[in-house]
Amino acid sequence: MRGLFAAALALTSALAQTFSGRGFMESDSTFYPQTAVNDSSHAVSEMHLRYEASWQPRSWIKLAGALDARTDTHRQTERAWRMDFDDRSALRPPLSARRFSLVLARGGLTLEAGRQFIRWGKTDILNPTDRFAPKDFVNVVSTDFLGVNAARLTYERGGDTIDLVWQPWFTPSRTPLLNQRWTAAPADAAAISIRDNGARYPGRSQFGVRWNHIARGYEYSLCYFDGFNHLPLFAAERGQPALTVAVQRYYPQLRLVGGDGAFPTRWVTIKGEAAYFATTRQQSDEYLLYVVQFERQQGEWSWVGGYAGETITKAAGKPLQFSPEQGLARAILGRASYRIGPSQDAAIEGAVRQNGDGLWLRFEFSQAWGRHWRATLQWVLIRGDASDFIGQYRRNSYAQVRIRYSF
């Protein structure tokens, strides 16, 4: 009996040494001073619980997982309780497997298979080469990345890293809900009812390869992607009854070549990233998207500033589309943050169109209490012309209070 008890105690101790978990629970309260054409609300409340865990029984193998649970007062989240594994629903799922993957590592070779997060690129705010990183755009200016179901093989030797990704199951970005304020409707469309007619998803897999090289004093990478844009185009048709429009999302084929680099200097770190977006069908524009960025860290201050540009090489007319990436092009982007003290931080970030037709600014102050509690105050200001991607959300300026308990 003593032997059995000792074995159980040893097993429990071993599991405790290889298992780790953390998470948070937070409450967001968002207040909009103005109503929108398709949304009369002034306040939205959300609750969000996240738990992340990993188990590493051996040095070369690890299981990693994360679960999300959420709800809100504005029906941005489904009311039917179910577990979601692909993030293909228009509404946010109440329960979702944010991550669930197996990681095998030996020497310089790492294989990760399952639901995971894959990030490419080096710049901030906008990453043209980041093709395996769909986002949740229910709130267009406050986004979160979505996991993808993929297999990723990474080989690292010396200053070189090769990244191979195969994604058999397509995960799109979640677009704004058609009946809410982040689908900006013109004033003369108030009498028209827009119906969500679902989505047509790609039927084949997508893949990509990236090579990154670290040299003495600089770093750069090249990448290739063959698949589909995770940002949709829309097919619209007249529905029944009258004054009803049925809208369906579809995802154009995409081939991309791109690269990025980082070059530290005495005063600033210069970063650049560019990608050429091509299509095998004339469904969308073909264009070059690029970012030039400067960073500096001094004491408790951090500055990031740059310019995002776009050059269209082949136009496909004017398809109905949702493209925040192109929407932030031809704009000056920036972020500045200051660490006031051990428990206080402040930041400002935003984008300004080069022609002045769009302005987005976010002001943030964060205060921590003890080891577990943090409060964050945000004020988002949006101004501009209705024809501009940023300016169309000019009635969506808001203030937000976020309370988070971490464990």
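The opening position of the sequence shown corresponds to residue 24 in my numbering, with each subsequent residue numbered one higher. The beta-carbon is built from N, C-alpha and C at its ideal position, and this holds for glycine as well.
For the beta strand (DSSP E) containing Pro-80, list its first residue and its last residue.
-> 66-81
Give me the Cα-Cα distance between Leu-32 and Thr-41, rounded to the nearest whole angstrom.
-> Summary for Leu-32: the model assigns pLDDT 44, below 50, so the residue's position carries little reliability, and this model does not support an answer.
Whole angstroms is fine: what's the gap from Tyr-273's alpha carbon to Asn-252's?
-> 9 angstroms
Nearest candidate by alpha-carbon position, reference Glu-318, set Asp-219, Asp-147 and Tyr-428 = Asp-147
Local conformation of Glu-348 per DSSP, three classes | Reduced to three states, the DSSP call for Glu-348 is helix.
Buried versus exposed call for Lys-341 [16 or more other C-beta atoms within 10 Å across all chains shown] = exposed
Count the other CB atoms within 10 Å of the CB of Glu-69; is the residue buried (16 or more) or exposed (fewer)?
-> buried
Taking the C-alpha atoms as reference points, what is the distance between Leu-27 and Gln-139?
-> Interpretation of Leu-27 is limited by its pLDDT of 47, a score under 50 that renders its predicted location unreliable; the figure taken from the coordinates is listed afterwards. Leu-27 and Gln-139: Cα-Cα distance of roughly 39 angstroms.
Ala-285 to Ile-237 span [Cα, whole Å] | 10 angstroms
Starting from Pro-275, trace the beta strand (DSSP E) both ways and give me its first and last residue.
-> Segment: none, Pro-275 is in no beta strand (DSSP E) and carries neither H nor E.
Run the CB neighbour count on Trp-383, radius 10 Å, all protein chains shown included, and call it buried at 16 or more, exposed below.
-> Looking at its Cβ environment, which holds 16 or more other Cβ atoms inside 10 Å, Trp-383 is buried.
DSSP puts Asn-235 in a beta bridge; with which residues?
-> Thr-184 and Ser-244
Proximity of Leu-311 and Thr-334 at Cβ, strictly below 8 angstroms = yes
Closest by CA to Tyr-74, which one among Ser-52, Gly-322, Arg-121 and Gln-99?
-> Arg-121
Element boundaries [beta strand (DSSP E), containing Arg-129] | 118-129
Output the residue ranges of the beta strand (DSSP E) runs that lie fully inside the segment 389-415 and measure 3 residues or longer, sorted by chain position.
-> 396-407
From Gln-321 to Pro-347, what does the alpha carbon distance come to, in whole angstroms?
-> 31 angstroms
Go to Phe-257, then tell me how far its beta strand (DSSP E) extends in each direction, as first and last residue.
-> Per DSSP, the unbroken beta strand (DSSP E) holding Phe-257 starts and ends at 256-261.
Leaving out the 5 sequence neighbours to the left and right, which residues in its chain are closer than 7 angstroms to Ile-215 when beta-carbon positions are compared?
-> Leu-266 and Val-268
Excluding sequence positions up to five away, which residues of its chain have a Cβ less than 6 angstroms from the Cβ of Tyr-313?
-> Ala-297 and Gly-332
Under three-state DSSP, which class holds Leu-27?
-> Unreliable positioning characterises Leu-27 in this predicted model, as indicated by a pLDDT of 47, which lies under 50. The coordinate reading is nonetheless provided below. In this structure, Leu-27 counts as helix in the three-state DSSP scheme.
Exposure of Leu-34, with buried meaning 16 or more beta-carbon neighbours within 10 Å = Low confidence applies here, because Leu-34 scores a pLDDT of 42, under 50, leaving its location unreliable; read the following figure in that light. Flag for Leu-34 reads exposed.
Residues in its own chain within less than 6 angstroms of Ala-339 by CB, not counting five upstream and five downstream?
-> Gln-305, Ser-307 and Asp-308
Smallest Cα separation from Arg-289: which of Gln-316, Phe-168, Gly-240 and Ser-119?
-> Gly-240
Is the segment 49-56 close to the segment 415-425, with three or more CB pairs under 8 angstroms?
-> yes
Classification of Ala-59 by the beta-carbon crowding that lies within 10 angstroms, buried from 16 upward | buried
Rounded separation between Pro-56 and Leu-149 - CA only = 28 angstroms
Are the segment 180-198 and the segment 276-285 in contact at 8 angstroms, needing three or more beta carbon pairs?
-> no
Residues near Val-291 in its chain [Cβ-Cβ closer than 7 angstroms; skip 5 each side] | Excluding the 5 residues flanking it on each side, Val-291 has same chain C-beta neighbours closer than 7 angstroms at Phe-317, Glu-318 and Arg-319, in chain order.
CA-CA distance, Arg-393 and Gln-344?
-> The question names Arg, but residue 393 is Gly in the sequence shown. Computed Cα separation, rounded: 46 angstroms.
Within its chain, find whatever has a CB closer than 6 angstroms to the CB of Ala-66; leave out the 5 residues flanking it on each side and keep chain order.
-> Annotation for Ala-66: Phe-54 place their beta carbon closer than 6 angstroms to its own, counting only its chain and skipping 5 residues before and after.
Does the segment 363-374 come close enough to the segment 129-136 that 3 or more CB-CB pairs lie under 8 angstroms?
-> no
On the three-state DSSP scale, how would you describe Ala-156?
-> Assignment of Ala-156 by DSSP, reduced to helix, strand and coil, places it in the coil class.
How many whole angstroms separate the CB atoms of Leu-169 and Val-232, which I take to be in contact at a CB cut-off of 8 angstroms?
-> Going by Cβ atoms, the distance from Leu-169 to Val-232 rounds to 22 angstroms, so no, they are not a contact pair.
Run through DSSP, which three-state label would Ala-339 get?
-> In the three-state scheme derived from DSSP, where H, G and I count as helix and E and B as strand, Ala-339 is classed as coil.
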